[in-house]
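In the working numbering, each residue carries its 1-based index in the sequence shown increased by 431.
For glycine and all other residues, C-beta sits at the position ideal for the given N, C-alpha and C.
The model shown is predicted, which means the values in this text are computed figures rather than measured ones.
In what follows, a single structure is set out as structure tokens and then discussed.
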Amino acid sequence: MRRVQFRHVLLATVAAAVLLCVCDVPEDSDRPDDLPGALKWRYKTGYAIYGSPAIAQDGTIYFGSCDGHLYALDPIGMLKWRRYTGGSHFSPTIAEDGTIYVGSHDGLVSALNPNGIFRWGYQTGGNVETSLGCPRFIGHLE
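Take a look at the structure:
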């Protein structure tokens with residue numbers, strides 16, 4: 432499989448439960464169908480998406496949805512896995528070791544392995560409606 436490098440990638444969330452991928456022209460492309468700004472793929476979830484996606488070093492795209500799932504898509508928009516952890520999810524954070532941290536509207540902070548296996552959860556007692564920056568610090572909570 433040929434790996435294509437793009438100069439720019441835009442992942443946009445639409446409140447209508449769709450994640451869109453719009454890419455710039457591949458650096459080595461001479462094909463007329465590789466138009467700048469062309470929609471490359473879309474992925475529909477069960478409910479609205481309000482947070483921003485996070486992209487891992489291997490190109491995996493992680494994002495949460497108000498359907499209570501955290502999703503992982505490969506770089507071409509195919510589902511790798513989805514995990515139900517409850518509550519509406521917002522923007523995930525990826526730590527240096529690949530752990531995905533995500534908060535939810537039901538107050539749960541979850542840590543998952545890159546393969547979607549649940550590592551741990553912490554009930555905060557209040558809504559977590561933002562991304563969980565500082566992955567170095569978060570890693571010390573385990």
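Cβ-Cβ distance between residue i and residue j below 8 Å
| i | j | result |
| --- | --- | --- |
| ILE548 | ALA485 | no |
| GLY538 | PHE521 | no |
| PRO545 | GLY529 | yes |
| CYS497 | TYR474 | no |
| GLY499 | GLY482 | no |
| PRO523 | TYR553 | no |
Helix, strand or coil at residue i according to DSSP, with G and I counted as helix
| i | result |
| --- | --- |
| ILE548 | coil |
| ALA503 | strand |
| GLY538 | coil |
| GLN554 | strand |
| VAL559 | coil |
| ALA526 | coil |
| ALA485 | strand |
| GLY495 | strand |
| TYR478 | coil |
Cβ-based burial, residue i [other Cβ within 10 Å; buried from 16]
| i | result |
| --- | --- |
| TYR515 | exposed |
| LEU501 | buried |
| THR555 | exposed |
| LEU543 | buried |
| GLY534 | buried |
| LEU470 | exposed |
| LEU504 | buried |
Supposed close pair residue i, residue j - CB separation, criterion 8 Å
| i | j | result |
| --- | --- | --- |
| GLY508 | TRP472 | 3 Å |
Chain C within 8 Å of residue i, Cβ atoms only
| i | result |
| --- | --- |
| ILE480 | Included in the structure is just one protein chain, with no chain C present. |
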